[in-house]
Amino acid sequence: MVKINVGGCSSFVKDADYKAYVNKALDAFDVLVSESGAGNDFLGWKHLPSQTPISLVEECEAVRDCWKAKGVELVIVIGIGGSYLGARCAIEALSHNFAKQLKSKNGNPEVVFAGNNLSEEYVAELMDLAAERNTACIVISKSGTTTEPAVAFRIVKEFIEKNYSDASERIVAITDAKKGALKTLSTQEGYKTFVVPDNVGGRFSVLTPVGLLPIVVAGFDIRAMLEGAKEMEEALAVKSEENVAIQYAAMRNLLYSELGKKIEIMVTYNPKFQYLGEWWKQLYGESEGKDLKGIFPASVNYTADLHSMGQFIQEGERIMFETVINIENANRSVLIGSDEQNLDQLNYLAGQHVEHCGAMAQLGTKLAHIDGGVPQMEVSIERINEFNLGGLFYFFEFACGVSAYTLGVNPFNQPGVEAYKKNMFALLNKPGYEEASAKIRERL
Ligand code: PA5
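Oh and the sequence shown: position 70 is 396 in the numbering used here, straight run, nothing missing.
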């Protein structure tokens, strides 16, 4: 279960102001729950945890088992934005830090990501890897026409078709139920397909097959993930000042609107959570950054980034607050030893857990940053596992809806993402962009 502690903001805000923002968030909660707000045709994510049929989970597991039977060692997951960040976040969070380097393998294929950039070197090097491994591919695109994944898929598809006689069994597509280029191709080629529901936007899709299939193929327990999300769905459905999503939405809107805190930094203390920051940045950035409003979402990984960004956060312009992901218990245990010479003068820590030093660094940083004028919230989970990650995903999604409605924007559209695409298509001379192409060239 996700917990929140807004105590690290209390010296910055007045109780009455916080109460007022809790009331605003409670109103926004009503809008989200009654499905009466802007973008309300994109609320399919709300009941995914409780309404995902077990047959869908089994279908995902069947792909995993089929590829295991074929001896698949490498699964290339192609997608961009909401079509890959959730899966990447979960897989990085749940994997051994050194899974790639360890000699003892766990029998699951390695999952790598493609189609999230247009780097030629990246694709070439991906093909170097694929050439050495028994390879399969999951291609994910709701629209089916996004340039980055489409380019990567064309290359990976050609590679798989050239190298395997059972190519159509090595490609699974996750796309729209009825329309789009990827749907048409899948029907033609006989690919197994999964559906991105019409009423679920990319950045809210981690608990659909978009996230579930890559996560289960990587060897993780999606049943537990959905269970954790379901527990959160039930908890967050209760309209109350104690509701953790209400508290998070209320405090971040108060800090932004009344104290001019324009930047929220997600702080993680475990390197495995680097991609939680990436997933969260898309979720909040695309949902709130519009109509010339929005908190800019940034992320850091401490203690590493205390030695890079720490100076700015401590003493730079006072425009940010921090949301710390607090993990109460480590999954592993390592004690610091005693050393006869004690040249590093660390014997005072002998017998202590490494995590104890981490906890004291976290507490010390909290106090220093509060002293430096940086309000801090903590979002806690008990430990990193599938169940808690499912809860965390759902918490941030639900809180995002509440928060964006509190801010007064439509959380579920992303009109601004189109601007770069139009220019890119014009510059690439895409058919249909002739006029735009002529105009853009005048500016160069
Ligand atoms: O949140 C979103 O909707 C976007 O980030 C999309 O997920 C992203 O652009 C990928 O789109 P698609 O799945 O259509 O290829």
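Where a beta carbon is used, it is the ideal one built from N, C-alpha and C, also for glycine. Note that the structure is a prediction, hence the values are computed from the model and not measured.
- Annotation: the continuous beta strand (DSSP E) that includes E704 extends over Q702 to I707.
- If you check the CB distance, V328 and G727 do not come in under 7 Å.
- Boundaries around F520 are those of the beta strand (DSSP E), K518 to V521, since no alpha helix (DSSP H) includes it.
- The alpha-carbon separation between N349 and F599 amounts to approximately 32 Å.
- The straight-line gap separating the alpha-carbon atoms of P375 and S583 is approximately 33 Å.
- In this structure, I406 has its CB closer than 6 Å to one or more heavy atoms of ligand 1.
- Of L661, D502 and I651, the smallest CA-CA separation from I591 is found for I651.
- Sorting G758, K756 and A752 by C-alpha distance to the C-alpha of I766 places A752 at the top.
- When the beta-carbon positions are compared, N525 and G370 come within less than 7 Å of each other.
- Less than 7 Å separates the beta-carbon of Y595 from that of Y628.
- Residue side-chain check: R414 keeps its Cβ at 6 Å or more from all non-hydrogen atoms of ligand 1.
- Secondary structure remark: continuous beta strand (DSSP E) runs of at least 3 residues inside the stretch 628-696, in chain order: 646-653.
- With respect to N331, E704 sits close: the two C-beta atoms are nearer than 7 Å.
- Closest in C-alpha terms to S613, from the list A342, G408 and Y344, comes G408.
- By the C-beta density criterion, H422 is exposed, having fewer than 16 other C-beta atoms within 10 angstroms.
- When secondary structure is reduced to three states using DSSP, M592 falls in the strand class.
- By the criterion of a C-beta distance shorter than 6 Å, A687 is surrounded in its chain by T629, once the five residues flanking it on both sides are discounted.
- Relative to ligand 1, the beta carbon of G334 is positioned no closer than 6 Å to any heavy atom.
- Segment contact: the stretch 615-622 against the stretch 549-562, fewer than three CB-CB distances shorter than 8 Å; contact not assigned.
- Here the C-alpha atom of D356 lies approximately 46 Å from the C-alpha atom of S494.
- Sequence-distant Cβ neighbours of E387 in its own chain, meaning closer than 7 Å and more than five residues away, are V542.
- In its chain, beyond the 5 residues on either side, V401, V403, I417, P540, V543 and A544 have a beta carbon closer than 7 Å to the beta carbon of V437.
- Bounds of any alpha helix (DSSP H) do not take in N442, whose DSSP letter is neither H nor E.
- Between the stretch 442-453 and the stretch 730-749 there are fewer than three inter-stretch CB-CB distances shorter than 8 Å, so the stretches are not counted as touching.
- About 38 Å separates the beta carbons of N655 and G365, which is beyond the 8 Å limit, so they are not a contact pair.
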